[in-house]
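Novice:
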Amino acid sequence: MSWSEQIGFPILSVITYLPLAGVLLMLLVARGRPVVYKTIALLTTLAAFVLSVVMLVVFDRGAAGMQFVEDFEWIDQLNIHYGFGVDGIAALLLALTTLLGVIVIVGSWNYVKDREMGFFISLLLLQVGMAGVFCATDLFLFYVFWEVMLVPMYFLIGIWGGPRRIYAAIKFFLFTLVGSLLMLVAIIALVYYVDSEAGALTFNIRELGEQVLPYKLQFWAFLAFFVAFAIKVPMFPLHTWLPDAHVEAPTAGSVILAGVLLKMGGYGMLRFCLPFFPDAAVDFIPIVVALSVVAIVYGALVSLVQKDLKKLVAYSSVSHMGFVTAGIFASIAVVGNAAGMEGAILVMLSHGVLTGALFLLVGFVYERTHTREIAAMGTLAKPLPVAAGFTLFFVLGSLGLPGLSGFVGEFLSLLGVFEYSRWMAAVAALGVILAACYLLWMYQRVFFNDRGDDDVMPPGPLRDFGAREIVALLPLVVFAVWMGVYPNTFLEFLHVPVQEILDRVLPALPEAGAGGFAQVIEHAKGLF
């Protein structure tokens, strides 16, 4: 359905480019006026969030295909279109992006002291790239936005990061760039094949997803796309850039990185890896699910031994995102197993809120204590009772307490894995137990244990959370409770698009069979 039929104006373009308009306004009228350019940044991101809520309200949850569609010719010679549209999956992730965009502006209001205007411009440009990724219905346009978001995140880490920010920024850039180049080669090969065989040059994502491709092309193109998205998730063993990026990034960078950028990997798998290359995707099920289960347990075990608070939360992301990839690929192995995929998407949404909140809390506590070393903290509950309360809430959400958002997605994801392999589900369930261990251990050490002999706390009383911190965290509290108590609000958006993906993969199941590691080797013969 087009935007003109649903709402009367191109709402997706407005949501995407409002932050860009804010950047232009800041450059024109707000130079050297901090209050003015911060207010502009806040108002533009807030307007984008309000419009995304309007989009969700108007969205027809029972309709198939893309909604609020915008489609205009862009590059005629290559049949490249400016195409925007969202299904239920993209709509929810777009709303999450705009919500966190507002949160990081509020949370960073007095955070940056050097080149402050450039910091807020980078945040707004990053939001443009992220929103465009979720809205694009043209593969070329998707790739443009995928690359656009890389630049402002590189600057956020490299300019406003910690002592090792240059190393972390370059590592992040190189990992992402390698994945992007692999994806670009696969895009060219895919479009060239469709043009030469079907006689139809197109970059339209839905049209490309309807093509029947030879297995050899599926195999190599799937690998290229999958590696690009696995780096972004990040999946074990392609995760090594993440801890450095998180530790060195400013608080806002960590929130966006965990809250939105990691979700783009899962979104890419859903949008491209499964519909474009169903036969190859089915053959890779055992490998992907096994690596995901390893990531769940590995990330949790490494979190248990971390001394740095931010690094602990970073490695917990590796563990939690393992539930995403496990749920996605386990769901296509068994006919009618939609629970795993829907659970994986809920995990993406919940993780974006809960882990984003934990990174905010780490940043807020660091502003007061000037340390992230867990051993150097302790007895913070007395001077910081509000901080202790918020931290406990998000810790309980992250470890999967029923009634909060973390429980629903992980339960459905594990249910999907159980339908595929009971022993893999049993191993993955260890991640839930280990999450309780490292999160409660961290909370006990930070807020209730006595401080160590090496007391690095600043002298004088510590200031508890004020209006800025509470305003930034309260919307995330509401989201976590809402999803935990009434998840059907979100599941209603997912039933139709998830079923469309499963229907696309279903014909590949009898032929490829999801038979195990030997199946991959068998189909790989003759590819070289």
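Counting in the numbering used here, the final residue of the sequence shown is number 544, and the numbers go up one at a time with none missing.
Quick reminder that beta carbons are idealized off the backbone N, C-alpha and C, glycines included.
Could you have a look at Q234 and say whether DSSP puts it in helix, strand or coil?
Specialist: helix
Novice: As a quick exercise: from Y98, S319 and D130, pick the residue whose alpha carbon is nearest that of C151.
Specialist: Residue Y98 is the option with its Cα nearest to C151.
Novice: Hey, how far is the Cα of T61 from the Cα of L44?
Specialist: 18 Å
Novice: In the DSSP assignment, the alpha helix (DSSP H) including F434 goes from what residue to what residue?
Specialist: S421 to Y436
Novice: Taking buried to mean at least 16 other C-beta atoms within 10 Å of its own C-beta, is W439 buried or exposed?
Specialist: exposed
Novice: Cα separation between G24 and S68?
Specialist: 15 Å
Novice: Helix, strand or coil for G394, going by three-state DSSP, please let me know.
Specialist: coil
Novice: May I have the straight-line CA-CA distance separating R520 from A297, to the nearest angstrom?
Specialist: Between R520 and A297, the C-alpha separation is close to 11 Å.
Novice: When the distance is taken between beta carbons, is F410 closer than 9 Å to A496?
Specialist: The Cβ atoms of A496 and F410 sit closer than 9 Å to each other.
Novice: Taking contact to mean 3 or more Cβ pairs, one atom from each stretch, closer than 8 Å, check whether the segment 163 to 180 and the segment 255 to 267 are in contact.
Specialist: yes
Novice: Would you tell me roughly how many angstroms separate the C-alpha atoms of A524 and A205, rounded to the nearest one?
Specialist: 22 Å
Novice: Output the distance between the C-alpha atoms of T218 and I96, rounded to the nearest integer angstrom.
Specialist: 7 Å
Novice: Within 10 Å of its beta-carbon, does N504 have 16 or more other beta-carbons around it, so buried, or fewer, so exposed?
Specialist: exposed
Novice: Under a Cβ-count criterion, where at least 16 other Cβ atoms within 10 Å of its own Cβ denotes burial, should T114 be classed as buried or exposed?
Specialist: It counts as buried.
Novice: Taking DSSP as the reference, what is the three-state secondary structure of H367?
Specialist: helix
Novice: Comparing alpha-carbon positions, which option in A483, F88 and Y454 lies nearest N220?
Specialist: F88
Novice: Assuming the contact rule is C-beta atoms closer than 8 Å, Q143 and G117 should be a hit. Round their C-beta distance to whole Å, please.
Specialist: 5 Å
Novice: Does the pairing of the segment 421 to 429 with the segment 281 to 297 give three or more beta-carbon distances under 8 Å?
Specialist: no
Novice: Could you name the residues of the same chain whose beta carbon sits closer than 6 Å to that of D211, not counting the 5 residues immediately before and after it, in chain order?
Specialist: L217
Novice: Does DSSP classify G529 as helix, strand or coil?
Specialist: Annotation note: pLDDT 44 at G529 (below 50); position unreliable, no value reported.
Novice: For E14, which option in V164, T32, D154 and L328 has the closest C-alpha, if you only look at C-alpha atoms?
Specialist: Shown here, the chain extends from 17 to 544; a query on residue 14 therefore has no answer.
Novice: DSSP three-state call for Q83: helix, strand or coil?
Specialist: strand
Novice: Look at the alpha carbon of M251 and the alpha carbon of V334, and state the distance between them as a whole number of angstroms.
Specialist: 7 Å
Novice: Quick one, are the C-beta atoms of I137 and V51 less than 9 Å apart?
Specialist: The beta carbons of I137 and V51 sit no closer together than 9 Å.
Novice: Ignore the nearest five residues each way along the sequence and tell me which others in Y33's own chain have a CB closer than 8 Å to its CB.
Specialist: V144
Novice: Go to H386, then tell me how far its beta strand (DSSP E) extends in each direction, as first and last residue.
Specialist: H386 -> no beta strand (DSSP E), and no H or E assigned at all.
Novice: Report the rounded CA-to-CA distance for E226 versus L478, giving the unit in angstroms.
Specialist: E226 and L478: Cα-Cα distance of roughly 59 Å.
Novice: Tell me the DSSP secondary structure of H97 in three-state form.
Specialist: Three-state result, H97: strand.
Novice: Going by C-alpha distance, which of V321, A349, L325 and V363 is nearest G338?
Specialist: V363
Novice: How many Å lie between Y314 and G368 at the Cα?
Specialist: 20 Å
Novice: Could you name the residues of the same chain whose beta carbon sits closer than 6 Å to that of A528, not counting the 5 residues immediately before and after it, in chain order?
Specialist: Only weak support is given to the placement of A528: the predicted model assigns it a pLDDT of 46, under 50, and the question is left unresolved by the model.
Novice: Buried or exposed for V73, going by 16 or more other Cβ atoms inside 10 Å?
Specialist: exposed
Novice: Helix, strand or coil: how does DSSP classify F345 here?
Specialist: helix
Novice: What is the residue span of the alpha helix (DSSP H) that R520 lies within?
Specialist: N504 to V521
Novice: Looking at the strands, I want to know which residues DSSP matches up with N220.
Specialist: According to DSSP, which records beta bridges pairwise, N220 is partnered with D154.
Novice: How do the segment 448 to 465 and the segment 391 to 402 stand: do at least 3 beta-carbon pairs fall below 8 Å, yes or no?
Specialist: The count of Cβ pairs closer than 8 Å, one atom from the segment 448 to 465 and one from the segment 391 to 402, reaches three, so the stretches are in contact.
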